[in-house]
Each structure stands twice: as structure tokens, then as C-alpha cells.
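Student: The sequence shown begins at 1 in the UniProt record's numbering and counts up by one.
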Amino acid sequence: MNLELADVSYGVDETEILTDVSLSLESGEIVTIIGPSGAGKTTLLRLAALFEQPTDGAIRFDRTDPWGLSRDERLAIRRRIGMVFQQACLFDAPVARNVDIGRRVRRPWPQRIRGFLERLLPRRLDDSPAVDERTLEALELVGLSDAWDRDPASLSGGEAQRVSFARALAAEPDLLVLDEPTSDLDPRNTAILERAIERAREHDHGVLLATHDMHQAERISDRVAFLLEGELVEVGPPDRIFETPRDERTARFVRGDLLYDDNELLA
Ligand SMILES: Nc1ncnc2c1ncn2[C@@H]1O[C@H](COP(=O)(O)OP(=O)(O)OP(=O)(O)O)[C@@H](O)[C@H]1O
1 MNLELADVSY GVDETEILTD VSLSLESGEI VTIIGPSGAG KTTLLRLAAL FEQPTDGAIR
61 FDRTDPWGLS RDERLAIRRR IGMVFQQACL FDAPVARNVD IGRRVRRPWP QRIRGFLERL
121 LPRRLDDSPA VDERTLEALE LVGLSDAWDR DPASLSGGEA QRVSFARALA AEPDLLVLDE
181 PTSDLDPRNT AILERAIERA REHDHGVLLA THDMHQAERI SDRVAFLLEG ELVEVGPPDR
241 IFETPRDERT ARFVRGDLLY DDNELLA
């Protein structure tokens, strides 16, 4: 898998949110977007996950521009991307079903219909409920394989976020897009998710994530991209970005000196 953003700009009405952003990502790589609140991190992730179309420039997924394809063809590419949002969004069904849905949306229609019919068939009494192997594997990866039959309402915020991640992973996406996956999580849940993200990289998924946690960016990234006011200031390995940044704005940001006040950048 190869994702490329080439001089991508994105605007809403008269407001430009991203300007000439160029960034690439390969399978087995974790690229982290850092930047102040409002810099455009979520917007960049939404473009990478094909939720939005650039207003200028191009996105290429395996050298193909998805926005030059038909809606169905684009959807087929979209299914190769798993996005996890800041807030876990689970529906009212046992944990395993929540994870399983990620895999099912990726299946072609005939398989989905077969699966639906199979679920309607009466089960023998000694049959255990069908929990797919891959669903369990994904839950295992986030340390929740024992929770497969739990009601999502009974999960803590951190556990729910881990289930959301397992759902994205169970679909075996080529690209995982994670928007602040560990904000609001305690250190233990954060560590479990970071380990799961690293395992996803070991399994050759590409990972693009946004975070406000500089230590996290330093810990898990292969490359870090600093975004400021919609502009990608610099991209590089974490030790360079955090120790010897090339741009003065990056240096000020990683030192914690770059702050916003009422949407005005403080010099
Ligand atoms: N649909 C939209 N319409 C108008 N403005 C938008 C829209 N989406 C985002 N913006 C604006 O674009 C800017 C970037 O927003 P975005 O959510 O991408 O930033 P962010 O870096 O993810 O911020 P945070 O770290 O606070 O989540 C903000 O000023 C936001 O208000």
C-alpha cells in the first residue's frame, strides 16, 4: 500500500484549511501528525481516509486517484482504509458483534447475504455463539478477548476505545487512520493501544495518526509531520523533529512555546 498526498489543499467556502500538503505513507509505517489545535490534523486525516475530496492537488492510493474513479470503485478503495475516531462509537450489541461489523462491511454483497442467512438459521443447543477467529484475534490484540460477550454500555471509555480499534483492525485494512486514539485514556489503556498500533505496523498495515501527545509521537512514529495553520512545516524521523528540527516554528512547538490565543498565533 502506498498513500500519497500531492500538494493537497482543502477549503470550505472561502476558508482554506489545508494548503499544499504533500505527504506519503507506505505499508508497515507509522506516520504521526502533530500540531496545535485547529492546525488541520483531523481534516488531513479525513482527506487521507477519503471522506473528503481535496479542493486542489491530488490523493493517490496505490498510484490511483480515487476521486477520478466511479463512486463504487472509490468505495472499494475506501474499504481498504479503517478510521478510528476520537470518540468510540459502538452500537448496542455484544462486543464481538461490534468488532465483527468491521469485517462484514468489507465483504462483497453475496458473502454478506450468506452470512446474514446463516445467522437466521437455528443453532444447535451445544453450539457456542459464532465468534469469528479474526474477531477474537483483534480483541486479543487490544487485551479484550475475554470481553467478547460484554455489553458495550458496561465498558469503560478506554475499553470502548480499544474495541473501536479492534473493529478497524479486524477488517484488515491496508491503512489505519487514527484521530487522537488515546486522548482521554489513562496510561494503562494508552500503553495497550500503542502496543496494538505497533503490532498493526508489524502486520504491515500503514498507520496515519494525529495526536496531541508529544511523547506518544516520539515513542511510536517512524516519521512525524508537523502541521501549522494548514501547512505541513516539516516531516522527519521523530529524533530529528524533536531534537534537531529544521524549522524554527517546529522547534518552538516541540518546546511548548507556540500557543494560540483566540485563533491568533502568538509570535
Ligand atoms: N467543515 C468545516 N467548515 C468550516 N471550517 C472547518 C470545517 N472543518 C474544519 N474547519 C476548521 O478548520 C480548522 C482545522 O480543523 P481541524 O479539526 O482539522 O483541526 P485539528 O488540528 O484537528 O484540531 P484539534 O487538534 O483541536 O482537533 C479549524 O479552524 C476548524 O474550525
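All C-beta atoms in this analysis are idealised placements derived from N, C-alpha and C, irrespective of residue type, glycine included.
Taking C-beta to C-beta, are G236 and R219 nearer than 8 Å?
Tutor: Here residue 236 refers to the residue found at position 236 when the sequence shown is read from its first residue. Here residue 219 refers to the residue found at position 219 when the sequence shown is read from its first residue. Contact: no.
Student: So E194 and Q161 are in contact, right, with Cβ under 8 Å, and what is the actual spacing, rounded?
Tutor: Stepping through the sequence shown from its first residue, residue 194 is reached at position 194. Stepping through the sequence shown from its first residue, residue 161 is reached at position 161. Not a contact, Cβ separation roughly 12 Å.
Student: May I have the straight-line CA-CA distance separating A6 from D20, to the nearest angstrom?
Tutor: Position 6 of the sequence shown holds residue 6. Position 20 of the sequence shown holds residue 20. Their backbone Cα atoms lie some 8 Å apart in a straight line.
Student: Would you report the Cα separation of A171 and D132, rounded to the nearest angstrom?
Tutor: Working through the sequence shown from its first residue, we reach residue 171 at position 171. Working through the sequence shown from its first residue, we reach residue 132 at position 132. Cα atoms of A171 and D132: separation of roughly 12 Å, rounded to the nearest angstrom.
Student: Quick one: grab the DSSP three-state call for F61.
Tutor: For this step, residue 61 is matched to residue 61 along the sequence shown. Here F61 sits in strand by DSSP.
Student: When you compare only the Cα positions, how much space is there between S221 and T32?
Tutor: Locating residue 221 in the sequence shown gives position 221, counting from the first residue. Locating residue 32 in the sequence shown gives position 32, counting from the first residue. Each residue's CA atom was taken as its position, placing S221 and T32 some 6 Å apart.
Student: Per DSSP, G206 forms a beta bridge with which residues?
Tutor: In the sequence shown, the residue the question calls residue 206 occupies position 206. Partner(s): L175.
Student: Compute the Euclidean distance between the alpha carbons of G40 and R249, then round it to the nearest angstrom.
Tutor: Position 40 of the sequence shown, counted from the first residue, corresponds to residue 40. Position 249 of the sequence shown, counted from the first residue, corresponds to residue 249. Spanning the two alpha carbons is a distance of roughly 16 Å.
Student: In this structure, does DSSP put E29 in helix, strand or coil?
Tutor: Taking the first residue of the sequence shown as 1, we reach residue 29 at position 29. Assignment of E29 by DSSP, reduced to helix, strand and coil, places it in the coil class.
Student: Would you kindly work out how many angstroms separate the C-alpha atoms of F242 and F253, rounded to a whole number?
Tutor: Reading the sequence shown from its first residue, position 242 is the one you call residue 242. Reading the sequence shown from its first residue, position 253 is the one you call residue 253. When rounded, the distance between both Cα atoms is 10 Å.
Student: Heavy atom of ligand 3 less than 7 Å from the Cβ of H212, yes or no?
Tutor: Of the ligands this structure carries, namely ligand 1, none is ligand 3.
Student: Go ahead and label L3 buried or exposed: buried means 16 or more other beta carbons lie within 10 angstroms of its beta carbon, across all protein chains shown.
Tutor: If you number the sequence shown from 1, residue 3 lands on position 3. Classification of L3: buried, given that the 10 Å Cβ count is 16 or more.
Student: What distance in whole Å lies between the Cβ atoms of V163 and T135, which are believed to be in contact at a cut-off of 8 Å?
Tutor: As a working mapping, residue 135 is identified with position 135 in the sequence shown. As a working mapping, residue 163 is identified with position 163 in the sequence shown. 11 Å between Cβ atoms; not a contact.
Student: Would you say the stretch 142-154 touches the stretch 60-68, given that touching needs at least three Cβ pairs under 8 Å?
Tutor: no
Student: Determine the contact status of V233 and D247, defining contact as a CB-CB distance below 8 Å.
Tutor: Counting from 1 along the sequence shown, the entry for residue 233 is found at position 233. Counting from 1 along the sequence shown, the entry for residue 247 is found at position 247. Result yes, Cβ atoms of V233 and D247 sit closer than 8 Å.
Student: Helix, strand or coil for G82, going by three-state DSSP, please let me know.
Tutor: The sequence position of residue 82 within the sequence shown is 82, counting from 1. G82 falls in the strand class under three-state DSSP.
Student: Going straight from the alpha carbon of L125 to that of R60, what length do you get?
Tutor: One-based indexing of the sequence shown puts residue 125 at position 125. One-based indexing of the sequence shown puts residue 60 at position 60. Only weak support is given to the placement of L125: the predicted model assigns it a pLDDT of 45, under 50, and the value that follows is read from those uncertain coordinates. Within the model, the alpha-carbon separation for L125 versus R60 is close to 50 Å.
Student: Could you tell me which residues DSSP pairs with L227 in its beta bridges?
Tutor: Your numbering for residue 227 matches position 227 in the sequence shown. Beta-bridge pairing links L227 to L232.
Student: Could you give the first and the last residue of the continuous beta strand (DSSP E) run that contains D7?
Tutor: Here residue 7 refers to the residue found at position 7 of the sequence shown. That run of the beta strand (DSSP E) goes 2-12.
Student: With a threshold of 8 Å, are at least 3 pairs of Cβ atoms found where one atom belongs to the stretch 74-85 and the other to the stretch 172-191?
Tutor: yes
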